[in-house]
Amino acid sequence: MFLGHAHIGGPDRVRHWRRSGQNTDTHLNANDIQGEGSLMTEIRVAIIGGGGFMGYAHSLGWALAPIAADAGATIRKSVLVEADEERAKAAAKRLNWDEWSADWRQVIARDDIDVVDIVTPPAAHAEIAIAALAAGKHVFVEKPISNDLAEADLMQAAAEKSSVVSQVGFNYRHAPAITFIKRMLDDGTLGHPLQFRAHYTQDVGVLGRVLSGWRAKKGAGGSGVTGDIGSHIIDLASYLVGDIDSVTGIIGAKDPADDTAWLPDKQRRAGQHLDDAALWMAKFTNGAIGSFAATVYASGRKNRMFFELECTRGNVEFDWNHSDELKLSLVSDPPEQQGFRTVSMNENHDDFWWPLGGMGSGYVDDAALQLQKFVKAIVEGRSGAPSFADATRTQRVIAAVMESADSLRWVTVDEVTA
Ligand SMILES: NC(=O)c1ccc[n+]([C@@H]2O[C@H](COP(=O)([O-])OP(=O)(O)OC[C@H]3O[C@@H](n4cnc5c(N)ncnc54)[C@H](O)[C@@H]3O)[C@@H](O)[C@H]2O)c1
């Protein structure tokens, strides 16, 4: 049981973490107030860009993270930063943050902030993350780490140079069903991965919902489907199957003058059009193969992320729209029982919050789970996952898909330069 309660102090302090009689040294930048043999740490968070979509998801996540399971620390939602004072104040009040600001530089310079959570459009990620790391803050940044590979490389270098914890917001990999699939891969239940097939489909394009703001501008933060929703299925593939070695891809950008056609590649590139649809195949370094699809022109698909992973000893299927379950087939199943069974997530699976299965879980749960794991990494002095290096590699895969679509050839991911 934790008895003390504390704020976190200067960035480089080594602290002594005591909990239930266990002693662990960590590089946490924390103040501790000692209770009777136990400590409790409060981690103070500043969220940058907190008035948007992800500001909402992360505000719920930060509130839930220490409640849903023992993260080893309490969370203080200290400061919400927005582009202007009025927006910052309104969002801070609605989402229950203590303070607000329109100046992220001033906020990350404060001694009483321990974590900087960056949920701005991607074009602002690098500058804020690198400054926050330099100020000794633990940094969580939304995906994609950046749409610019050179910036992602700089962010990775800054994270690796620092002694703080950094993590990227590929939330879907933290769903209990995905954690269970990972466990079945690690313990050999599924055997060696052979083929991964994933798609991430939405319908906003076909419904004619015109993108606005940063999402609509390539180079100003928007990237199109490959870098946006496609990055999630690349992250999942890398997490579950392993590094992608090479890719070949096709990119479709909608012709504004003809709703039955994709623009010719030359025109797409010259006009800096966002990609509205993408298909790519991949070879993994461990010999597995994969195929991927991402589009916003899929009628009826609100936010469907689906994959199938065939391995030497079995096969799993996951659909985010039924994120509480997965389909499983094992080669060792008795012949008369072969086929797919549905496995419902329950209290026997990692990161499941309820005393019995079937309670339902979704996007907010995932937002909280990723932040909870980030906090645990801080408390235990471990690296965050996915790391800036993982997310930079995902960015390199995206760049390889783009290069392949432009050059009409296979592209080796390691050979892609910024
Ligand atoms: N993991 C997911 O499921 C998921 C889903 C959606 C978006 N995202 C990612 O989250 C990030 C943000 O996306 P969003 O949909 O929340 O965007 P959004 O436009 O809804 O919100 C971004 C906010 O950042 C603010 N902002 C911009 N520049 C700022 C600055 N310099 N200082 C302070 N605030 C600033 C804007 O005013 C806006 O309120 C992007 O990287 C996006 O790819 C992730």
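Positions 19 to 436 (the working numbering) are the ones given, in order, by the sequence shown.
Just so you know, even glycine gets a beta-carbon here, dropped at the ideal spot from N, CA and C.
The criterion of a C-beta distance shorter than 8 Å is satisfied by Ala385 and Gly79. As computed with DSSP, Phe158 is found in a beta bridge with Asp135 and Gln185. Residue state for Gly79 is assigned as helix, using DSSP reduced to three classes.
By DSSP's assignment, Ser405 forms no beta bridge with any residue. Not one heavy atom of ligand 1 lies closer than 7 Å to the C-beta of Val393. Look at Asn364: its beta carbon is at least 7 Å from all of the heavy atoms in ligand 1. Cβ-Cβ distances below 7 Å link Phe370 to Pro194, Met363 and Asn364 in the same chain, with the five nearest sequence neighbours on each side left out; the list follows chain order. At a cut-off of 7 Å, the beta-carbon of Asp293 does not count as near ligand 1: no heavy atom of the ligand is closer than that. Taking every protein chain shown into account, the CB of Thr59 has 16 or more other CB atoms within 10 angstroms, so this residue is buried.
Gln388 is classed as buried because its beta carbon has at least 16 other beta carbons within 10 Å across all chains shown. Between Val99 and Ser77, the C-beta gap is not smaller than 8 Å, which leaves the two residues out of contact. Taking a 10 Å sphere around the C-beta of Arg411, we find 16 or more other C-beta atoms and assign the residue as buried. Non-local beta-carbon contacts of Tyr315 in its own chain, meaning distances under 7 Å to residues more than five positions away in sequence, involve Gly223, Val224, Asp294 and Ala295 in chain order. Scanning its chain for C-beta atoms nearer than 7 Å, with the 5 sequence neighbours on each side dropped, one finds around Asp273 the residues Ala279, Trp280 and Leu281, in chain order. Ala288 counts as exposed, since fewer than 16 other C-beta atoms from the protein chains shown sit within 10 angstroms of its C-beta.
Phe71 has its Cβ nearer than 7 Å to a heavy atom of ligand 1. Segment contact: the region 297-316 against the region 254-265, three or more CB-CB distances shorter than 8 Å; contact assigned. Contact between Ile66 and Asp135 holds, since their C-beta atoms are separated by about 7 Å, short of 8 Å.
One thing to note: Gly375 has its Cβ no nearer than 8 Å to the Cβ of Val349. Pairing Thr219 with Ala395, the inter-Cα distance amounts to about 32 Å.
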